[in-house]
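Protein sequence lines, in the order shown, are assigned to chains Z and U. Those letters in the first sequence? Residues 1 to 120, per the numbering used here, in order. Those letters in the second sequence? Residues 121 to 240, per the numbering used here, in order. Cβ atoms here follow ideal geometry from the backbone N, Cα and C, with glycine treated the same way. Computed from a predicted model, the values in this text were never measured in an experiment. In what follows, a structure is listed as structure tokens, so that the remarks can point back to it.
Number of protein chains: 2
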Amino acid sequence: MNVNTNDDRCSVNVIHEEVIDRVSQKMPDGDKMNDLAQLYKSLGDPTRLRILFALNAAELCVCDISALLGMTQSAISHQLRFLRQARLVKSRKEGKMVFYSPSDRHVTEIFEAGLDHVIE
Amino acid sequence: MNVNTNDDRCSVNVIHEEVIDRVSQKMPDGDKMNDLAQLYKSLGDPTRLRILFALNAAELCVCDISALLGMTQSAISHQLRFLRQARLVKSRKEGKMVFYSPSDRHVTEIFEAGLDHVIE
DNA sequence: TGAACATATGAACAACCGTTCATATGTAAG
DNA sequence: CTTACATATGAACGGTTGTTCATATGTTCA
Numbered sequence: 001m002n003v004n005t006n007d008d009r010c011s012v013n014v015i016h017e018e019v020i021d022r023v024s025q026k027m028p029d030g031d032k033m034n035d036l037a038q039l040y041k042s043l044g045d046p047t048r049l050r051i052l053f054a055l056n057a058a059e060l061c062v063c064d065i066s067a068l069l070g071m072t073q074s075a076i077s078h079q080l081r082f083l084r085q086a087r088l089v090k091s092r093k094e095g096k097m098v099f100y101s102p103s104d105r106h107v108t109e110i111f112e113a114g115l116d117h118v119i120e
Numbered sequence: 121m122n123v124n125t126n127d128d129r130c131s132v133n134v135i136h137e138e139v140i141d142r143v144s145q146k147m148p149d150g151d152k153m154n155d156l157a158q159l160y161k162s163l164g165d166p167t168r169l170r171i172l173f174a175l176n177a178a179e180l181c182v183c184d185i186s187a188l189l190g191m192t193q194s195a196i197s198h199q200l201r202f203l204r205q206a207r208l209v210k211s212r213k214e215g216k217m218v219f220y221s222p223s224d225r226h227v228t229e230i231f232e233a234g235l236d237h238v239i240e
């Protein structure tokens, strides 16, 4: 028999309550899901993706990345701040220049899983 | 000696030309990068992520997902359309209901790579 | 110190995104 | 045919995002 949950956001009948309960228990908690979504969102922009790809191949300064991607220094710098705050890259200062590199190996792994999907 | 690229979008000096050339050759072409960014963007929203996680555990109809996530049927339906167009889920009609499931195994792999990153 | 350069940052703006609301489509049962 | 239900969809709205422009910070060198 179908059960009506009657919560205030969804008034439709719940058709498969047992399945829902089972899935509900497996579902990671909201915070973890938000973190994961935030991670994917960070990778969800071509500029950031190209920056990360480049840094994965070599340590580069802001000016290098700017030239490599053919974009303004400002745009790159803003994105680097984003990536730094997301802990996806780290920076090292050397004189006037700041060199960036990936902050950990996980990023590379996620990259490759994604590439497999796109290539197929 | 430093080379000035002098293209119209970046007028700063290129400091490490050889490194840039090397990275430039490895860089996947723009279309592929855009596709990959689009894939990550699809995963970059908590609602879509939770839908995908749920479908990964069980085939569900729209109404089930709506109840499971505590969100309106309309919001879920819009997101499902998004996911269907991104070829991340497929649908199967059975009477009045439409059942959704993941469209391929790659999504699961990308998921897990991401979870590893977040958990650590 | 002052000029030149590398990088960072704040404001502003257009484009995009996720949800809501109202309503349409499609199916099953009476 | 009519009602009830499951899903889909278009318009609209507020919030977010990526870039640009102008400018600030910090470093090196003369």
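CB contact below 8 angstroms: residue i versus chain Z
{"i": "V209 of chain U", "result": "no"}
{"i": "I140 of chain U", "result": "yes"}
{"i": "E214 of chain U", "result": "no"}
{"i": "A177 of chain U", "result": "yes"}
{"i": "L200 of chain U", "result": "no"}
Per-residue burial, residue i [other beta carbons within 10 Å of its own, 16 or more giving buried]
{"i": "R129 of chain U", "result": "In this prediction, R129 of chain U has a pLDDT of 36, which is less than 50 and means its spatial position is unreliable; what the coordinates show is noted afterwards. That one is exposed."}
{"i": "D149 of chain U", "result": "exposed"}
{"i": "S186 of chain U", "result": "buried"}
{"i": "S194 of chain U", "result": "exposed"}
{"i": "R168 of chain U", "result": "buried"}
{"i": "S144 of chain U", "result": "exposed"}
{"i": "D31 of chain Z", "result": "exposed"}
Below-8 angstroms beta-carbon distance, residue i vs any chain U residue
{"i": "S24 of chain Z", "result": "yes"}
{"i": "Y100 of chain Z", "result": "no"}
{"i": "A54 of chain Z", "result": "yes"}
Paired residues, beta bridge with residue i - DSSP
{"i": "Y100 of chain Z", "result": "Z:L60, Z:S91"}
Of the residues the options, the one placed nearest residue i, counting alpha carbons only
{"i": "L235 of chain U", "options": "Z:M33, Z:E18, Z:C61, Z:L49", "result": "Z:M33"}
{"i": "L69 of chain Z", "options": "U:M147, U:V227, U:D184", "result": "U:M147"}
{"i": "Q199 of chain U", "options": "U:I171, U:R142, U:L159", "result": "U:I171"}
{"i": "K213 of chain U", "options": "U:A206, U:R207, U:S221", "result": "U:S221"}
{"i": "D141 of chain U", "options": "Z:S24, Z:V98, Z:A58", "result": "Z:A58"}
{"i": "G95 of chain Z", "options": "Z:C61, Z:R48, Z:D31, Z:S42", "result": "Z:C61"}
{"i": "R204 of chain U", "options": "U:C183, U:S223, U:T192, U:Q145", "result": "U:S223"}
{"i": "V19 of chain Z", "options": "U:E229, U:M217, U:D184", "result": "U:D184"}
{"i": "I169 of chain Z", "options": "Z:I15, Z:T72, Z:L88", "result": "Examination of residue 169 of chain Z is not possible in this model, given that chain Z is present from 1 through 120 alone."}
{"i": "I15 of chain Z", "options": "U:G164, U:V218, U:F173", "result": "U:V218"}
{"i": "R225 of chain U", "options": "Z:A113, Z:V107, Z:R105, Z:T108", "result": "Z:A113"}
{"i": "T108 of chain Z", "options": "Z:R81, Z:A54, Z:S77", "result": "Z:A54"}
{"i": "M71 of chain Z", "options": "Z:K90, Z:P46, Z:S91", "result": "Z:P46"}
Within chain U, partners of residue i - CB distance below 7 angstroms
{"i": "L36 of chain Z", "result": "L169, G234, L235, V238"}
Chain-ordered neighbours of residue i on chain U, where CB pairs are closer than 8 angstroms
{"i": "H16 of chain Z", "result": "L180, C181, D184"}
Chain-ordered chain Z contacts of residue i [CB-CB under 7 angstroms]
{"i": "D165 of chain U", "result": "A37"}
{"i": "L188 of chain U", "result": "I20, V23, S24"}
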